[in-house]
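The sequence shown begins at 656 in our numbering and counts up one residue at a time.
Quick reminder that beta carbons are idealized off the backbone N, C-alpha and C, glycines included.
Structure, as structure tokens:
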Amino acid sequence: MSSELTCPVCHFEHIPRDRDSCPQCDSDLVCFKLLDALPDFPGDSLADLPKDAQPAGQQESGPDTDKRAKSKAPGLPVVLVVIILLIIACLLGYTTHRFSAIQTLVQKLNTDMVLVQDTLHKNPTTI
656 MSSELTCPVC
666 HFEHIPRDRD
676 SCPQCDSDLV
686 CFKLLDALPD
696 FPGDSLADLP
706 KDAQPAGQQE
716 SGPDTDKRAK
726 SKAPGLPVVL
736 VVIILLIIAC
746 LLGYTTHRFS
756 AIQTLVQKLN
766 TDMVLVQDTL
776 HKNPTTI
């Protein structure tokens, strides 16, 4: 092992190993030292990894990609349509109830108005 390293960010060379940051770009070199200290295992490749352990930023390719994207939520559109229809049915029921309540109130007011008019016609001096 050499006693100097190169900054992986700015490629500044001849940095002493005991430094924790790059003198040029001030990048933290501790994590890169730890990565360099890890042993290299031959045979580990993306093909050996399970499907859910793919590195971030790399997308799968092949015929399974379309199936997996389509099968994540096959019933989602149906569920959304059912929810929207239920909301519409509830709103229609509520407005029907409110309109019937308003109609009852208007009928009561009309009845009261007729009673007041009859009372005034029978006895005009009660005003």
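Spanning the alpha carbons of residue 749 and residue 756 requires a straight line of approximately 11 Å. Within the same chain, 682, 683, 684 come within 8 Å of residue 676 by CB-CB distance, once the 5 residues on both sides are set aside. Annotated three-state conformation of residue 658 is coil, per DSSP. Around the CB of residue 660, 16 or more other CB atoms lie within 10 Å, so the residue is classed as buried.
CA-CA distance, residue 772 to residue 762, rounds to 15 Å. Residue state for residue 767 is assigned as helix, using DSSP reduced to three classes.
Residue environment: residue 662 is assigned as buried (16 or more neighbouring CB atoms within 10 Å of its CB, all protein chains considered). Secondary structure at residue 673: coil, using DSSP grouped into helix, strand and coil.
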